[in-house]
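**Q** What follows is a structure written as structure tokens; I'll ask about it next.
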Amino acid sequence: MIQSMTGYGKNVIQLPTKKITVEIKSLNSKNLDLNSRVPSSYREKELAIRTMLAKSLTRGKVDFNLFVESTGEQTTTQLNDVVVKQYMDQLSKVVDADKIELLKMAIKMPDALKTAREEIDEDEFSEILKAVKQALVEINTYRTDEGEVLKNDFLKRVDIIEEHLEKVLEIDSQRIANVKERLHTAVSDLKEKVDENRFEQELIYYLEKYDITEEKVRLQNHLNYFREAINSDDSNGKKLGFITQEIGREINTIGSKSNFAQMQQLVVQMKDELEKIKEQALNVL
């Protein structure tokens, strides 16, 4: 079973005085590239959250966001009355205004408001971790569903490559006959007498160089291995990428040896399907 590295998970919890939203998004990446955004009051707990994300998601470019919205009457921001009074006293010496106007001006000055550092409630953080776990369940479900879509696409394209390979097998005898005919024609055009035995030996040697039997067998084996790998429990993008390299090597060798227009057209079509597989394999976990 394969998983895509593309995914999305979200969970919202409502606490007595806060609404907390956990959001996780992921895209493809060679390794785990984890970016997190959490409120400053939760910074000391960020490492625990990142560790949980890393264990569950393994690879991918992951963006984690923790949003905290106050829904109660409590606030951590307070008026710094000592500083405000000092500002008002200083402003009264340079501005002719009543106390209301002085207060409006003073409240806009630096340090007029102070924010008390909010201590993390362990019960509250426990609820946040539950929300993170649920968001991870959602994103992994998303990844699995996307992986199933990728799997079906891979198998469809592997089938197409196999169909083209079967056509290659069908025209191979025609290709050999064509090569023999061209060689005989070339020798005849020389208008020189040749040793028939020597010519047959050279012809056999020449045809052996263009023989693609081994490549056809290896290509078929690689296609079968790709199918087995994609259905195995340890299937992953790196493993599939390695197999596609081997498939590409055999297709390229068949193309270089074919020396026959119809076969080369089939090779081009196989390469086209393989490139689509390679491109999609980059998104497999």
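Numbered according to the UniProt record's numbering, the sequence shown spans residues 1 to 285. For every residue, glycine included, the Cβ atom is placed at its ideal position computed from N, Cα and C. Please read these numbers as outputs of a predicted model, since none were measured by experiment.
1. Since I believe residue 23 is in contact with residue 65 (beta carbons under 8 Å), could you give me their beta-carbon distance rounded to a whole number of angstroms?
2. From residue 286 to residue 79, what does the alpha carbon distance come to, in whole angstroms?
3. In this structure, does DSSP put residue 38 in helix, strand or coil?
4. Who pairs with residue 69 in a beta bridge, going by DSSP?
5. Buried or exposed for residue 47, please, with buried defined as at least 16 other CB atoms from any protein chain shown within 10 angstroms of its CB.
6. Here's the rule: buried if 16 or more other CB atoms are within 10 angstroms of the residue's CB, otherwise exposed. What is residue 245?
7. Looking at the structure shown, is residue 80 part of a helix, part of a strand, or coil, going by DSSP?
8. With DSSP collapsed to three states, give me the class of residue 14.
9. DSSP three-state label for residue 158, please.
10. Go to residue 256, then tell me how far its alpha helix (DSSP H) extends in each direction, as first and last residue.
11. Assuming residue 251 and residue 2 make a contact with CB atoms under 8 Å, what is their CB distance in whole Å?
12. Check residue 284 in the structure and name its three-state DSSP category.
13. Where do the ends of the alpha helix (DSSP H) carrying residue 217 lie?
14. On the DSSP letters alone, give me the boundaries of the alpha helix (DSSP H) that residue 101 sits inside.
15. Between which two residues does the alpha helix (DSSP H) holding residue 112 run?
16. How big is the Cα-Cα spacing for residue 261 and residue 5?
17. State the CB to CB distance for the pair residue 175 and residue 263, rounded to an integer number of angstroms; the pair is presumed to be in contact (CB under 8 Å).
18. Beta-carbon separation of residue 269 and residue 153 under 8 Å?
19. Rounded C-beta distance between residue 18 and residue 101? I'm assuming under 8 Å.
20. Contact check, residue 25 vs residue 63 under 8 Å by CB: the rounded distance?
21. Between residue 58 and residue 32, which are expected to be in contact by the criterion C-beta below 8 Å, what is the C-beta distance as a whole number of angstroms?
22. If we count Cβ pairs, one from each stretch, closer than 8 Å, do we get three or more for the stretch 219-229 versus the stretch 157-166?
23. Specify, as a first and last residue, the run of the alpha helix (DSSP H) that residue 52 falls within.
**A** From the atom records:
1. 4 Å
2. With the chain covering only 1 through 285, there is no way to say anything about residue 286.
3. coil
4. 19
5. exposed
6. exposed
7. coil
8. strand
9. helix
10. 237-258
11. Contact doesn't hold; Cβ gap of about 23 Å is too wide.
12. strand
13. 213-230
14. 99-106
15. Taken as a continuous stretch (DSSP letters only), residue 112 belongs to no alpha helix (DSSP H), as it is neither H nor E.
16. 40 Å
17. 6 Å
18. no
19. Going by Cβ atoms, the distance from residue 18 to residue 101 rounds to 36 Å, so no, they are not a contact pair.
20. 5 Å
21. 6 Å
22. yes
23. 46-57
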